[in-house]
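To convert, note that position 81 of the sequence shown is 81 in UniProt numbering; the numbers rise steadily by one, no gaps.
Presented below is the structure to which this report refers.
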Amino acid sequence: MSKRVLIVDDAAFMRMMIKDILTKNGYEVVGEAENGNQAVEKYKELQPDLVTMDITMPEKDGIEALKEIKALDSNSVIIMCSAMGQQAMVIDAIQAGAKDFIVKPFQADRVIEAISKVFS
1 MSKRVLIVDD AAFMRMMIKD ILTKNGYEVV GEAENGNQAV EKYKELQPDL VTMDITMPEK
61 DGIEALKEIK ALDSNSVIIM CSAMGQQAMV IDAIQAGAKD FIVKPFQADR VIEAISKVFS
């Protein structure tokens with residue numbers, strides 16, 4: 001059975017890019033969210049196997065959403081996505097429970113490698 005993924009990013013273009021990479025590699029994208037509030041709601045509703053979470057978003061950033069999802073489900077698997085130069089935020093995210101992080105712009109092989117690693 002393919003792994004079910006929730007994609008969270010405030011940029012529709014970025015969601016489309018990562019969705020394309022995932023579906024071509026056999027993952028099922030079950031939902032998308034454009035901010036942290038939506039991410040938490042969609043997580044509760046969809047119970048995905050994996051969440052890709054942007055760090056910088058309006059309303060609620062990825063780190064806050066990560067903490068909320070972890071509080072709901074300590075077994076949740078979340079990979080953070082960040083632009084270059086956000087190392088401090090990435091460290092915060094890992095300490096808060098993120099399994100890995102992917103740097104934007106997305107490179108297909110790095111995305112798949114990160115996801116394969118968390119499921120192996």
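Just so you know, even glycine gets a beta-carbon here, dropped at the ideal spot from N, CA and C.
Computed from a predicted model, the values in this text were never measured in an experiment.
Starting from residue i, trace the alpha helix (DSSP H) both ways and give me its first and last residue.
i	result
M16	A12 to K24
Are the C-beta atoms of residue i and some chain D residue less than 8 Å apart?
i	result
V40	Looking for chain D here will not work: only one protein chain is present.
Note down, in chain order, each residue of its chain lying with its Cβ closer than 8 Å to the Cβ of residue i, except the 5 sequence neighbours on either side.
i	result
I69	A39, V40, Y43, V51, S76 and I78
I21	F106, A108, V111 and I112
N37	E59, K60 and A65
V118	L50, V77, I79, K99 and D100
In chain order, what residues of the same chain have a beta carbon less than 7 Å from the beta carbon of residue i, not counting five sequence neighbours either side?
i	result
V103	S82 and M84
D10	E34, N35, D54, M57 and P58
Can you tell which of the options has its C-alpha closest to the C-alpha of residue i?
i	options	result
A96	K117, S116, F106 and G62	G62
G31	A11, L46, D73 and L22	L46
E34	L22, K24, P58 and N25	P58
L6	Q86, E28 and A71	E28
A114	I18, D73 and M14	I18
Taking 6 Å as the limit between beta carbons, can you name the residues of its chain near residue i, skipping five residues before and five after?
i	result
D49	K3 and R4
D92	I63
N25	I112
S116	none
Report task. For the UniProt domain "Response regulatory" (4–119), list the beta strand (DSSP E) runs that are entirely contained and at least 3 residues long, ordered along the chain. Result -> 4–8, 28–33, 50–54, 78–82 and 100–103
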